[in-house]
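Student: From first to last, the protein sequence lines stand for chains W and Y.
Just so you know, the numbering used here puts 223 at position 223 of the first sequence, and the rest follows in order with no gaps.
Just so you know, the numbering used here puts 26 at position 26 of the second sequence, and the rest follows in order with no gaps.
Backbone N, C-alpha and C fix where the C-beta goes; we use that ideal spot for every residue, glycine too.
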Amino acid sequence: MPVRLNNFFPGQPLFIFSLAFSTMDIARRLAGLNFPEGTAVMAEEQLAGRGTKGRSWHSARGRGLYVSFILRPSPRSLNLLPAAVGLAAAEAIQRLSGARVSLKWPNDLVVRGQKLGGILCEGSSSAGKNSWTVAGIGINLNHRQADFPRELSGQATSLFILTGKNWKAMELLGQLGSRLKVWYNAVEKGQKDFLLASYLERLSFHPGQKLLLRTGEGELAGQFLGLDEKGGLKLKVGSETRIFYASEIIRVLS
Amino acid sequence: MTQKNGKPVDSGQASPFSSKIDYEELRKLISLLEEKNLTQFELEVEGFKIKLSRSLGNSSGPAQVMFTPAVPEAAAKIMATNGEIPAPTPAEDKNIHYVTSPMVGTFYRAPSPTSPPFVDIGDPVKKGQTLCIVEAMKLMNEIECDVNGLVVDILVENGKPVEYGQKLFAIKVSA
Chain W
1 MPVRLNNFFP
11 GQPLFIFSLA
21 FSTMDIARRL
31 AGLNFPEGTA
41 VMAEEQLAGR
51 GTKGRSWHSA
61 RGRGLYVSFI
71 LRPSPRSLNL
81 LPAAVGLAAA
91 EAIQRLSGAR
101 VSLKWPNDLV
111 VRGQKLGGIL
121 CEGSSSAGKN
131 SWTVAGIGIN
141 LNHRQADFPR
151 ELSGQATSLF
161 ILTGKNWKAM
171 ELLGQLGSRL
181 KVWYNAVEKG
191 QKDFLLASYL
201 ERLSFHPGQK
211 LLLRTGEGEL
221 AGQFLGLDEK
231 GGLKLKVGSE
241 TRIFYASEII
251 RVLS
Chain Y
1 MTQKNGKPVD
11 SGQASPFSSK
21 IDYEELRKLI
31 SLLEEKNLTQ
41 FELEVEGFKI
51 KLSRSLGNSS
61 GPAQVMFTPA
71 VPEAAAKIMA
81 TNGEIPAPTP
91 AEDKNIHYVT
101 SPMVGTFYRA
111 PSPTSPPFVD
121 IGDPVKKGQT
131 LCIVEAMKLM
141 NEIECDVNGL
151 VVDILVENGK
161 PVEYGQKLFA
171 IKVSA
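1. Please list the terminal residues of the continuous beta strand (DSSP E) segment that includes W183 of chain W.
2. May I ask you to list, following chain order, the residues of the segment 122–140 of chain W that have a beta carbon less than 8 Å from some beta carbon of chain Y?
3. Return the CA-CA distance between R242 of chain W and E219 of chain W, expressed in angstroms with no decimal places.
4. Quick check: A20 of chain W and V187 of chain W, are their CB atoms within less than 9 Å of each other?
5. By Cβ distance below 6 Å, which residues in the same chain neighbour I133 of chain Y in space, the five residues on each side in sequence not counted?
6. Which value, in whole angstroms, describes the spacing of the CA atoms of G49 of chain W and A221 of chain W?
7. Spell out whether any CB of chain Y is found under 9 Å from the CB atom of K105 of chain W.
8. State yes or no: is the beta carbon of N148 of chain Y nearer than 9 Å to at least one beta carbon in chain W?
9. Identify whether G218 of chain W lies in helix, strand or coil by the three-state DSSP scheme.
10. By how many angstroms is the C-alpha of V182 of chain W removed from the C-alpha of L176 of chain W?
11. Express the C-alpha separation of V151 of chain Y and N166 of chain W in angstroms, rounding to a whole number.
12. Give every residue of the same chain whose Cβ lies closer than 8 Å to the Cβ of G98 of chain W, excluding the five residues on either side of it in the sequence, and list them in chain order.
13. Within the continuous beta strand (DSSP E) that includes M42 of chain W, where are the two ends?
14. For P82 of chain W and chain Y, any beta-carbon pair shorter than 9 Å?
15. Determine the DSSP secondary structure at L96 of chain W, reduced to helix, strand or coil.
16. I want to know whether the segment 54–71 of chain W touches the segment 15–31 of chain W - three or more CB-CB distances under 8 Å.
17. Could you tell me the boundaries of the alpha helix (DSSP H) in which R274 of chain W lies?
18. Measuring only between beta-carbons, confirm whether L139 of chain Y sits less than 9 Å from chain W.
19. Using the Cα positions of R179 of chain W and L120 of chain W, report the straight-line distance between them to the nearest angstrom.
20. Could you tell me the alpha carbon to alpha carbon distance between I137 of chain W and A136 of chain Y, rounded to whole angstroms?
21. Touch check for the segment 63–79 of chain W and the segment 143–162 of chain W: three-plus C-beta pairs under 8 Å?
22. Rounded to the nearest angstrom, what separates P82 of chain W and M170 of chain W at their Cα positions?
23. If you follow the alpha helix (DSSP H) that S198 of chain W is part of, which residue opens it and which one closes it?
24. Name the DSSP bridge partner or partners of I250 of chain W?
25. Give the residues of chain W in contact with S112 of chain Y, contact being defined as C-beta atoms less than 9 Å apart.
26. In chain Y, what lies closer than 9 Å to K230 of chain W by C-beta?
27. Quick one: residues in its chain with C-beta nearer than 7 Å to the C-beta of Q129 of chain Y, no 5 flanking neighbours on either side, listed in chain order?
28. What residues in its chain sit with their C-beta under 6 Å from that of K230 of chain W, if we drop five residues either side in the sequence?
29. For a cutoff of 9 Å on Cβ pairs, would you count A246 of chain W as touching chain Y?
30. For P106 of chain W, which residues from the same chain have a beta carbon less than 6 Å from its beta carbon, with the 5 sequence-adjacent residues on both sides left out?
31. Given this structure, state the Cα-to-Cα distance separating E37 of chain W from S239 of chain W, to the nearest angstrom.
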C-alpha cells in the first residue's frame with residue numbers, strides 16, 4: 001500500500017520499496033500508465049541506481065534518500081524544471097541539517113566542492129496527451145567515508161560526514177516535498193525571474209569566474225557571465241558570448 | 001568568357017511568364033480591372049489561363065490573380081500586391097506532419113553516442129514511438145511521434161542546438 005506524501009501533492013501515492021533496481025525506471029513506468037503528478041517512488045536500496053549519462057548511482061541500503069517524482073509540467077516550464085528541482089533539494093537539505101548546499105550547474109548538490117547528491121530528470125513529450133517528466137533525486141545521508149566506492153573517495157560526501165549525525169530519509173523526504181511544491185509552482189506560474197535569481201545565488205560559482213566546460217565540441221574555457229532566461233550558462237569564450245544548455249562543468253578555473 | 005554571337009545565352013529555365021504573358025502585361029490587366037471597376041476578368045492564351053478578381057468593397061485593395069498553367073502539376077497561385085509579385089512557392093503537402101521541439105536544448109538522434117539512431121529517413125513510425133532526445137540542463141526529454149506515418153525528413157543534425165517549437169522531423173502521415 002502506498003504511503004501518502006501529504007505536503008507535496010496532497011493525496012498522491014508514495015511507493016516505498018525496500019529494494020528496487022531503479023526508482024527512475026519504476027516512476028517512468030508509472031508515468032506511462034498515467035499515474036498522477038506528484039506520485040513518488042522511493043527505495044531504501046537500489047541495485048541499479050542511475051546517474052546522468054548512463055553512469056550508475058551508488059545506492060547503499062539505508063544510507064541515502066533515493067526518490068523519483070512524477071511531474072507533468074507544461075511545455076513552457078520544461079527548460080527551468082531542473083533548476084527548480086535543484087533548488088528544492090538544496091533548500092530541503094539545508095532546512096533539515098543546516099548544511100550550506102550549493103548547486104554545481106545544472107544541479108549537482110555540493111558542499112565545499114564535494115558531491116552530496118545529484119538530480120536526474122527524464123521526460124517524454126508528445127503533442128498528444130501523456131507527457132511527463134520524472135525527477136530523480138539521490139542524496140547521501142548516512143554514508144561513512146568507507147561506504148563510497150574507491151573512485152568516488154575525496155569527491156563525495158554525506159550529511160553524516162558533514163554533521164556527525166545520522167539522518168532519516170523520511171524526514172528529508174518531507175522537507176523535499178514541501179520545497180519542491182514551492183519551486184514547481186513558481187515555474188508553472190511563470191515566476192521565471194524569481195526562480196533564476198534564487199538559482200543563480202545558489203550556484204557554486206559566480207559571475208566573473210572562469211569555467212572549464214565539456215561540450216559537444218570538446219573542452220573549452222570561458223568567463224561566466226550569468227544565466228539566460230532558460231537557465232543556460234552564458235559564457236564569454238574568446239571575444240564572443242555563447243550559451244550552453246547541454247554541457248558539463250569540469251571545474252572552476254579561477 | 002565571351003558569347004559567340006553576342007546573343008544572350010538562354011538559361012533554358014522556363015518562367016511561367018516567359019512566353020506569352022509577362023509581368024508588365026499582368027500589371028496592365030490589373031490596372032484595367034480597377035479602371036473599369038470590374039470584379040472578374042478571365043483570359044486564355046496559348047497554354048495559359050488567367051483569372052483576375054478583386055473585391056468591390058475595397059477598390060484600392062490588391063487584385064487577386066489566379067494563374068493556371070496548362071500543365072496541372074505546375075499550378076501556381078499568385079497574389080499581386082502593389083506591383084510586387086512574390087515567387088511562386090510549391091504547394092505544401094497536407095499529408096506532411098512536423099514534430100517540433102517542446103524546449104530549447106541539444107538535439108540527439110540516439111539514446112547514447114554509441115547507439116544507433118532512434119529513426120532514419122524512410123523508416124515507418126508509430127504514434128508513441130520515440131524519435132529523438134532533446135537535452136537541456138541534464139533533463140533528457142524523449143520526443144514522441146504523435147502520428148503514424150513515414151519519416152521523410154530529419155531537419156536537425158545530431159548534437160545541434162534547437163529552439164522552442166523548431167521543426168525536427170517531417171512525417172508523411174499514413175491514411
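Tutor: In brief:
1. Where W183 of chain W is concerned, there is no enclosing beta strand (DSSP E), although the alpha helix (DSSP H) it sits in stretches over 169–188.
2. Listed by position along the chain: E122, G123, S124, S125, S126, A127, G128, S131, T133.
3. Cα to Cα, the separation comes out at about 14 Å.
4. Taking C-beta atoms as the reference points, A20 of chain W and V187 of chain W fail to come closer than 9 Å.
5. Sequence-distant Cβ neighbours of I133 of chain Y in its own chain, meaning closer than 6 Å and more than five residues away, are Y108, M140, E142.
6. Their Cα atoms are separated by approximately 32 Å.
7. It is worth fixing the name first, because residue 105 of chain W is Trp in this sequence and not Lys. Output row for W105 of chain W: interface = yes.
8. So, not an interface residue.
9. The three-state reading of DSSP puts G218 of chain W in strand, counting E and B together.
10. Cα to Cα, L176 of chain W sits roughly 10 Å from V182 of chain W.
11. If you take the alpha carbons of N166 of chain W and V151 of chain Y, they lie about 55 Å apart.
12. These residues qualify, in order along the chain: T163.
13. Per DSSP, M42 of chain W is one residue of the beta strand (DSSP E) stretching across 40–43.
14. Yes, because at least one Cβ of chain Y sits closer than 9 Å to the Cβ of P82 of chain W.
15. The DSSP-derived three-state label of L96 of chain W is helix.
16. With a cut-off of 8 Å on Cβ pairs, the segment 54–71 of chain W is in contact with the segment 15–31 of chain W, counting three or more such pairs.
17. Nothing about residue 274 of chain W can be reported from this structure: the residues present for chain W run from 1 to 254 only.
18. At least one chain W Cβ lies under 9 Å of L139 of chain Y.
19. Using only the alpha carbons, I get a separation of about 17 Å.
20. The straight-line gap from Cα to Cα measures roughly 17 Å.
21. The segment 63–79 of chain W makes contact with the segment 143–162 of chain W; the number of CB pairs closer than 8 Å reaches 3 or more.
22. Looking at the two C-alpha atoms, the distance is approximately 22 Å.
23. In this chain, the alpha helix (DSSP H) harbouring S198 of chain W covers 192–202.
24. Paired residues: none, contrary to the question.
25. Neighbours of S112 of chain Y on chain W, chain order: K53, G54.
26. Per Cβ cutoff of 9 Å: M103, V104, G105, A136, M137, Y164.
27. Excluding residues up to 5 positions away in sequence, E144, C145 lie with their Cβ nearer than 7 Å to the Cβ of Q129 of chain Y in the same chain.
28. Cβ within range, chain order: N79.
29. A246 of chain W counts as touching chain Y.
30. Closer than 6 Å at Cβ, skipping near neighbours: P82.
31. Counting only the Cα atoms, S239 of chain W lies some 45 Å from E37 of chain W.
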